[in-house]
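Trainee:
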């Protein structure tokens, strides 16, 4: 190849991408009868609930307030009445505090709601940095790629860590998921404005959007949208999982390596997801808190997979009705992609700010294999994008004998699942790594 | 022909000089150690389990001799062994009851239905990273045997989805208590036989929905108890073992059978 595509240097895998919904435009969803809004959808301090049972709420009213800096507000996506506040199973298996709202106008299209909200004129050069951050904080933005880290915190690095490059993560390396792909195609102009806002925040540093080359139309659309914008560029990346991992993306585009136990800001970079960047745009131009998100609904059980915009708090069962999924046939419900997504056990669990996909699989597709002994083949070590000796680390975790020098290695695991994917002995390597991380966190 | 005696004499000479050195060193650097420490250590179970809170059986013996008391009791040794230890120290052994580990749950497969099919690592802590519960009740025993692996005395096993504790084999060392991520294992005096086998603090209706034998916080036991030994807090009954007299009144009135009698089970060794 004359111009090899950019990629990260070690490890990585090529799973079947199965992007069945790549050519399906994002539909507008409707408001369900009940919204179940999980109180804690972010990483950080738990929220303080402001509403009580029986209270009337309108679209955009604050349901729960952040209780510290690393925290994120929560707003009502539709008008209604608080029915109760209870513990409820969430996507991802936890059981958490949930505000249940009986909506006023069930069946109302989101298009109708969004069209009624008018943008305000925004002059970028007149915007103060503090004002942008304040609006992002108030809008309750979190990283929508899956981690749920409060965006305003990520965008406020300490003084001693100067930022010289912003990256927008449009890699979307997880199989099945196509919602970011569609956002880049359909809303490239707004995304560009979002990138300009972020650029303004850091005094005009270059902003690059990284897109895997299995989405040539998105690379083209973003290239056209960014043409002539100073400092904004597109980087086409090799299609390899986990290209969209923060550290991998930085390595691929800028050839900088985030140090062990470090953050991207240690190498002068901040990475934001495509959907988050769009939410930044909406927070500033529409004064709109994060109340709905685009997600992919796919899996082998669905005849017509698609992408849909839905209010946060929509229960899975509502989506199953819309996509005509037979609950009796679902053997596995995944929230997120098949590599890093979490299995869920309740069809009533609601969408959160971080649900990028819902995948439905039946028994033909789910194989339950026994965990076999390690055969010392080293495939996991070759596949690890962080270059970790996975086989040795997991054995030490299993024996509860984590050597002091291995703790840093274990904490560096990004839980991408490449090792488990390649393991011929079907070992639950990522889960062991997560056990190790939890042991180390408990010790500290 | 006497040459053969020369090496013999030389070696004997070396032996004499060196043994003299050893004799001198043993007198010079002699540390007095109470012989009772060895005597006590010999009486202890030598499990080195740390159940007493000390580093092992030797540490226990050293502390007992140093303090000339048995304020720390070896939870593993039986009463006879402890009175022998007390005899070495020249004191009376206190008559503390043996404690046993108790599971505050009866969420067997029949009582609390499986909420999902768990296919991950067979370990409670690992499962807790993926889901808050594998059963309908989020407070229930996961049945993935983290405590069984922590037990050094083969006193625990998983049966029908929950942990079953053999109170004869249980030594009360308490190693299993921190091994439970759901904090369902508690120590109770073996002579107290009444146990509330539930840890669900949800409202009665919600608790009943997820488990047939859940404590629903109906207060019947609290009203019935003549000894002020059972109290309902947060929709969950709890027994004060200092006051419980094993009258079984609460067991009889409990509408969901979540209060059970323990320690009367018959254990049959599997062949």
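Chains as they are written, first to last, in the working numbering: chain A, 70 to 513; chain B, 8 to 278. In this text, a Cβ means the ideal position worked out from N, Cα and C, and glycines have one as well.
Interface residues of chain B around residue 459 of chain A at Cβ under 7 Å?
Mentor: Result: empty, since nearest Cβ-Cβ is about 15 Å, beyond 7 Å.
Trainee: Looking only at its chain, what residues have a beta carbon closer than 7 Å to the beta carbon of residue 231 of chain A, apart from the 5 residues adjacent to it on each side?
Mentor: Within the same chain, residue 231 of chain A has close Cβ partners 337.
Trainee: Does the distance from the CB of residue 453 of chain A to the CB of residue 80 of chain A come in under 7 Å?
Mentor: Cβ atoms of residue 453 of chain A and residue 80 of chain A: closer than 7 Å.
Trainee: Just how far apart, CA to CA, sit residue 135 of chain A and residue 136 of chain B?
Mentor: Straight-line Cα distance between these residues: approximately 25 Å.
Trainee: Whole angstroms are fine: how far does the CA of residue 234 of chain B sit from the CA of residue 177 of chain B?
Mentor: Whole-angstrom Cα-Cα distance: 28 Å.
Trainee: Assuming contact is defined by CB atoms lying nearer than 7 Å, are residue 248 of chain A and residue 363 of chain A in contact in what I supplied?
Mentor: Against a cut-off of 7 Å, the Cβ pair of residue 363 of chain A and residue 248 of chain A comes out as a contact.
Trainee: Taking 7 Å as the CB-CB cut-off, is residue 211 of chain B touching chain A?
Mentor: Not closer than 7 Å to any Cβ of chain A, the Cβ of residue 211 of chain B fails to qualify, so no.
Trainee: Does the beta carbon of residue 114 of chain B sit closer than 7 Å to a beta carbon anywhere in chain A?
Mentor: False, the Cβ-Cβ gap to chain A never drops below 7 Å.
Trainee: For residue 127 of chain B, which residues in chain A fall below 8 Å Cβ to Cβ?
Mentor: Neighbours of residue 127 of chain B on chain A, chain order: 497 and 500.
Trainee: Does the beta-carbon distance from residue 282 of chain A to residue 258 of chain A come in below 7 Å?
Mentor: No, they are not a contact pair.
Trainee: Out of A:398, A:509 and A:433, state which residue places its alpha-carbon closest to the alpha-carbon of residue 416 of chain A.
Mentor: Out of A:398, A:509 and A:433, A:398 has the C-alpha closest to the C-alpha of residue 416 of chain A.
Trainee: So what does residue 144 of chain A bridge to, in DSSP terms?
Mentor: Beta-bridge pairing links residue 144 of chain A to A:131.
Trainee: What is the DSSP secondary structure of residue 174 of chain B, counted as helix, strand or coil?
Mentor: Reduced to three states, the DSSP call for residue 174 of chain B is coil.
Trainee: Please say whether residue 279 of chain A and residue 318 of chain A have beta carbons closer to each other than 7 Å?
Mentor: It is a contact, given that the beta carbons lie within the stated cut-off.
Trainee: Please list, in chain order, the residues of the region 163-174 of chain A that have any C-beta partner in chain B closer than 7 Å.
Mentor: Answer in chain order: 163 and 164.
Trainee: Going by beta-carbon coordinates alone, are residue 113 of chain A and residue 139 of chain A separated by less than 7 Å?
Mentor: Contact flag set, yes.
Trainee: Beta carbons nearer than 7 Å to chain A: which residues of the region 228-257 of chain B have them?
Mentor: Against chain A - using a Cβ distance shorter than 7 Å - the region 228-257 of chain B contributes no residues.
Trainee: Run the CB neighbour count on residue 31 of chain B, radius 10 Å, all protein chains shown included, and call it buried at 16 or more, exposed below.
Mentor: It is exposed - the Cβ of residue 31 of chain B has fewer than 16 other Cβ atoms within 10 Å.
Trainee: In the DSSP assignment, what residue or residues form a beta bridge with residue 155 of chain A?
Mentor: Paired residues: A:167.
Trainee: Which residues mark the beginning and the end of the beta strand (DSSP E) in which residue 106 of chain B is found?
Mentor: Its beta strand (DSSP E) spans residues 106-110.
Trainee: Note down, in chain order, every chain B residue with its Cβ under 7 Å from the Cβ of residue 437 of chain A.
Mentor: By Cβ distance, chain B contributes 126.
Trainee: Quick one: complete beta strand (DSSP E) runs, 3+ long, within the region 343-402 of chain A?
Mentor: Complete beta strand (DSSP E) runs here, min 3: 361-367 and 375-380.
Trainee: Can you find the residues in the same chain that come closer than 7 Å, C-beta to C-beta, to residue 87 of chain A, ignoring five residues on each side of it along the sequence?
Mentor: Result list for residue 87 of chain A: 244 and 245, in chain order.
Trainee: Unbroken beta strand (DSSP E) runs of length 3 or more, entirely within the region 156-206 of chain B: which are they?
Mentor: The region 156-206 of chain B contains these whole beta strand (DSSP E) runs: 163-166, 169-172, 192-196 and 201-203.
Trainee: Here's the rule: buried if 16 or more other CB atoms are within 10 angstroms of the residue's CB, otherwise exposed. What is residue 444 of chain A?
Mentor: Under this definition residue 444 of chain A is an exposed residue.
Trainee: Quick one: what's residue 138 of chain A bridged to in DSSP?
Mentor: Per DSSP, none; premise fails for residue 138 of chain A.
Trainee: From B:128, B:221, B:174 and B:180, pick the residue whose C-alpha is nearest to that of residue 269 of chain B; which is it?
Mentor: Closest by alpha carbon: B:174.
Trainee: So residue 413 of chain A is in the beta strand (DSSP E); what residue range does that whole segment cover?
Mentor: From DSSP, the beta strand (DSSP E) with residue 413 of chain A extends over 411-413.
Trainee: Would you check if the distance between the CB atom of residue 236 of chain B and the CB atom of residue 254 of chain B is smaller than 7 Å?
Mentor: For residue 236 of chain B and residue 254 of chain B, no; Cβs fall outside 7 Å.
Trainee: Less than 7 Å between CB atoms is the rule here; does residue 29 of chain B satisfy it with respect to chain A?
Mentor: No, residue 29 of chain B lies away from the interface with chain A (no Cβ there is under 7 Å from its Cβ).
Trainee: Would you say residue 376 of chain A and residue 192 of chain A are within 7 Å of each other, going by their C-beta atoms?
Mentor: Their beta carbons are not under 7 Å apart, which means residue 376 of chain A does not touch residue 192 of chain A by this criterion.
Trainee: On a Cα-Cα basis, can you pick out the residue from A:408, A:119, A:366 and A:329 that is closest to residue 85 of chain A?
Mentor: Looking at the Cα atoms, A:408 is the closest of the given residues.
Trainee: Give a yes or no on whether the C-beta atoms belonging to residue 106 of chain A and residue 168 of chain A are separated by under 7 Å.
Mentor: Against a cut-off of 7 Å, the Cβ pair of residue 168 of chain A and residue 106 of chain A comes out as a contact.
Trainee: So, is residue 68 of chain B buried or exposed, given that buried needs 16 or more other C-beta atoms within 10 angstroms?
Mentor: Classification of residue 68 of chain B: buried, given that the 10 Å Cβ count is 16 or more.
Trainee: Taking only three categories from DSSP, how would you classify residue 279 of chain A?
Mentor: Strand at residue 279 of chain A.
Trainee: Would you mind telling me which residues of chain A sit closer than 8 Å to residue 137 of chain B, beta carbon to beta carbon, in chain order?
Mentor: Per Cβ cutoff of 8 Å: 162, 411, 412 and 500.
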